[in-house]
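Under the UniProt record's numbering, think of the first position of the sequence shown as 1, with each following residue one higher.
We put the CB at the ideal spot given by N, CA and C, even for glycine.
Given the structure is predicted, the values throughout are model-derived calculations rather than measurements.
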Amino acid sequence: MSDYDGMTNADVMSYAELAEYDRDAEYRLDAADEERALEEERARAAGHGADEDGDCFAEFIDGSWTYCGCPDCEQRECDDAEFDEEADG
């Protein structure tokens, strides 16, 4: 058994180092929560796409389309990709 068994962070860190360690842990947890919320929002948006009335929520922002994920948008996205390939080739 070593002398370090049973020691905690508080035993080897100063108060300032321990506070910084705790802040970093909180920031990492907050970032993980935000990332999880963003992923859930993306999944919800992709799942819903067009609303019940069939309205599409695609937007033309800064010169490019932001598709909503509805079937019409998926087709438009494929068509745009094919057009881009033809233009490049």
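Burial state of residue i, where buried means 16 or more other Cβ atoms lie within 10 Å
{"i": "Cys-78", "result": "exposed"}
Option nearest residue i by Cα separation, candidates the options
{"i": "Ser-64", "options": "Pro-71, Cys-70, Ala-81 and Asp-55", "result": "Ala-81"}
{"i": "Ala-43", "options": "Gly-6, Ala-10 and Cys-68", "result": "Cys-68"}
{"i": "Gln-75", "options": "Ala-58, Met-7, Asp-62 and Ala-25", "result": "Ala-58"}
Alpha carbon of residue i to alpha carbon of residue j, nearest angstrom
{"i": "Ala-16", "j": "Cys-73", "result": "53 angstroms"}
{"i": "Ser-14", "j": "Ala-31", "result": "26 angstroms"}
{"i": "Glu-39", "j": "Leu-18", "result": "32 angstroms"}
{"i": "Glu-20", "j": "Leu-29", "result": "14 angstroms"}
{"i": "Arg-36", "j": "Arg-23", "result": "20 angstroms"}
{"i": "residue 169", "j": "Tyr-4", "result": "Nothing can be reported for residue 169: it is not among the residues displayed for the chain, which extend from 1 to 89."}
{"i": "Tyr-27", "j": "Asp-62", "result": "32 angstroms"}
{"i": "Glu-85", "j": "Asp-55", "result": "29 angstroms"}
Residue(s) in a DSSP beta bridge with residue i
{"i": "Phe-83", "result": "Its beta-bridge partners do not exist; DSSP assigns none."}
{"i": "Phe-60", "result": "Trp-65"}
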